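Novice:
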Amino acid sequence: MTVYEANRGIDAEPDLVLNTAGDPARTGAWLTDALGARDVRTETEPPRLRFTWPGGRGELHVEARGAGASTARLRLDGGDQAAADRALDALAAVVDDNFTAG
-19 MTVYEANRGI
-9 DAEPDLVLNT
1 AGDPARTGAW
11 LTDALGARDV
21 RTETEPPRLR
31 FTWPGGRGEL
41 HVEARGAGAS
51 TARLRLDGGD
61 QAAADRALDA
71 LAAVVDDNFT
81 AG
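Residue numbers for the sequence shown follow the working numbering, beginning at -19 and rising by one.
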């Protein structure tokens, strides 16, 4: 299986990004919609979030990159490069919409 990786800066602390990524109420917005994956299961072990779905699996690793900012690295075994990029963009939007708006 081909492995796809993507990196993206996110303007939030790593724990906030990881908690948002693993929140079942928000998983759909960044994983399900971006990957087309259904029945996603997640397991959080900071600083990582592992997830699986029928037909694939992945891992999100979030590291600090300065005051109030993080770097998110996504690795997918399944999907494609565009899906990996879309997923990280969607995660950044979810974090921004829920925690930095207003």
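For every residue, glycine included, the Cβ atom is placed at its ideal position computed from N, Cα and C.
On a predicted model such as this, the values are computed, not experimentally measured, just so you know.
1. Using alpha carbons as the reference points, say which of D19, G8, V20 and T24 lies closest to L(-2).
2. Taking DSSP's pairing of strands, which residues face A(-14) in a bridge?
3. What are the partner residues of A44, as DSSP defines its beta bridges?
4. When we look at the beta-carbon of G59 and count the other beta-carbons within 10 Å, is it buried (16 or more) or exposed?
5. Ends of the beta strand (DSSP E) at T12?
6. If contacts are defined as beta-carbon pairs under 8 Å, then A49 and G(-11) qualify, I think. What distance do you get, rounded to the angstrom?
Specialist: Quick look at the numbers:
1. Translated into positions along the sequence shown, residue -2 becomes position 18. Ranked by Cα distance from L(-2), the options D19, G8, V20 and T24 are led by T24.
2. As a first step, residue -14 must be located in the sequence shown, where it is residue number 6. In DSSP, A(-14) forms a bridge with L54.
3. Translated into positions along the sequence shown, residue 44 becomes position 64. In DSSP, A44 forms a bridge with S50.
4. For this step, residue 59 is matched to residue 79 along the sequence shown. Per the 10 Å Cβ criterion, buried.
5. On the sequence shown, position 32 is the one that residue 12 refers to. First-last for T12: undefined, no H or E at that position.
6. In the sequence shown, counting from the first residue as 1, residue 49 sits at position 69. In the sequence shown, counting from the first residue as 1, residue -11 sits at position 9. The beta-carbon separation of A49 and G(-11), rounded to 6 Å, stays under the 8 Å limit for a contact.
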